[in-house]
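Undergrad: To convert, take the position in the sequence shown, counting from 1, and add 1; that gives the working numbering.
All C-beta atoms in this analysis are idealised placements derived from N, C-alpha and C, irrespective of residue type, glycine included.
Bear in mind that the values here come from a model prediction, so they are computed numbers and not experimental data.
My questions all concern the structure below.
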Amino acid sequence: MGERADKKREILSPRDPMEWWANEFKSRSLTGLIWERGDWCPFCRYDVSQWREQLPNLEALGGTFFIVTAQDQESLEHSASNWGLDHLTIVSDPENVLAREYGLAITTEAIRAGAQCHYEPYTNGVCQPGYVIMNQLGVEIAGWRQHPTEGNNGGALDRPIPARVMSFVRSHVKQTPTEVQDPNDPLDDLAQLVEEVFDALPEDIQALLREQNRLPSDSKRMVAPDACEACVQHCACPA
2 MGERADKKRE
12 ILSPRDPMEW
22 WANEFKSRSL
32 TGLIWERGDW
42 CPFCRYDVSQ
52 WREQLPNLEA
62 LGGTFFIVTA
72 QDQESLEHSA
82 SNWGLDHLTI
92 VSDPENVLAR
102 EYGLAITTEA
112 IRAGAQCHYE
122 PYTNGVCQPG
132 YVIMNQLGVE
142 IAGWRQHPTE
152 GNNGGALDRP
162 IPARVMSFVR
172 SHVKQTPTEV
182 QDPNDPLDDL
192 AQLVEEVFDA
202 LPEDIQALLR
212 EQNRLPSDSK
222 RMVAPDACEA
232 CVQHCACPA
């Protein structure tokens, strides 16, 4: 059994996140930070799975990445879903030190009340998605920061495609031609994933996704099955 198969999920909680980070990116040719909202977010879990597929490509260039979240270490250790993060290293940064340093959005209120319960455990706000990949000199090779809006479901949707990011990074390092001129264009609307997880989402989030047309165009969920005229016009019926 290989080293990767033996390696278990690791959770770090550095006392000084910036000192830890400086030591990390100076220690190898490429180092990435991938910020995620929390294990409760199905779109974050999917994003992590896509980044994990690209980890061998980054390692082939002498690099690695870390998943960063504002969830505290205790929450991460008792996470039921476990993020699907076996064989990855998670950095718990409840103070959002790294996120603030790199200009990521930090929010204290969910886009709809139905999701607010997920935000309440965060003492310093939820860090929205983003990533940076740095070289050994601390120069950003590629990066992206989410701007949460109603249109992207409070930051959950419209994310870079990790495979395109890695193609861009590889061509930059190898100095070879690439069709990927912008690693963050196009963004993935995650419409099919919205369809798959829709029924498990709070009703007010479902209404928002319908209102913002975030489901596939052929989805039967675009209008609620028992929708009345008021629902069609306003995505909500009076009680």
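Determine the burial state of Thr32: buried for a count of at least 16 other Cβ atoms within 10 Å of its Cβ, exposed for fewer.
TA: buried
Undergrad: If I measure Cβ to Cβ from Tyr47 and keep anything under 6 angstroms in the same chain, skipping five residues before and after, which residues do I get?
TA: Closer than 6 angstroms at Cβ, skipping near neighbours: Leu194.
Undergrad: Leaving aside the five residues before and after Ser172 along the sequence, list all residues of the same chain whose C-beta is less than 8 angstroms from its C-beta, in chain order.
TA: Leaving aside the five residues that flank Ser172 on each side, the residues in its chain whose CB is nearer than 8 angstroms to its CB run, in chain order, Pro178, Thr179 and Val181.
Undergrad: Take Gln207 and list the residues in its own chain whose beta-carbon comes closer than 7 angstroms to its own, dropping the five residues that flank it on each side.
TA: Phe199
Undergrad: What are the boundary residues of the beta strand (DSSP E) that Glu11 is part of?
TA: Element bounds for Glu11: Glu11 to Leu13.
Undergrad: So what's Leu31 in DSSP terms, helix, strand or just coil?
TA: It is a strand residue.
Undergrad: List the DSSP bridge partners of Trp145.
TA: Trp145 is bridged to Tyr132.
Undergrad: Please confirm whether Tyr103 and Val140 have their CB atoms less than 8 angstroms apart.
TA: When the beta-carbon positions are compared, Tyr103 and Val140 stay at least 8 angstroms from each other.
Undergrad: In whole angstroms, what separates the C-alpha of Glu96 from that of Ile12?
TA: If you take the alpha carbons of Glu96 and Ile12, they lie about 16 angstroms apart.
Undergrad: Which value, in whole angstroms, describes the spacing of the CA atoms of Glu20 and Glu60?
TA: Answer to the nearest angstrom: the Cα atoms are 23 angstroms apart.
Undergrad: Grab the span of the beta strand (DSSP E) containing Ser93 for me, first residue to last.
TA: Thr90 to Ser93
Undergrad: To which residues of the same chain is Trp22 closer than 7 angstroms at the C-beta, ignoring the five residues directly before and after it?
TA: Leu99
Undergrad: Should Ser93 be labelled buried (16 or more other beta-carbon atoms within 10 Å of its own) or exposed?
TA: buried
Undergrad: Given 8 angstroms as the limit, is there contact between the segment 65-83 and the segment 25-39, that is, 3 or more CB pairs closer than that?
TA: yes
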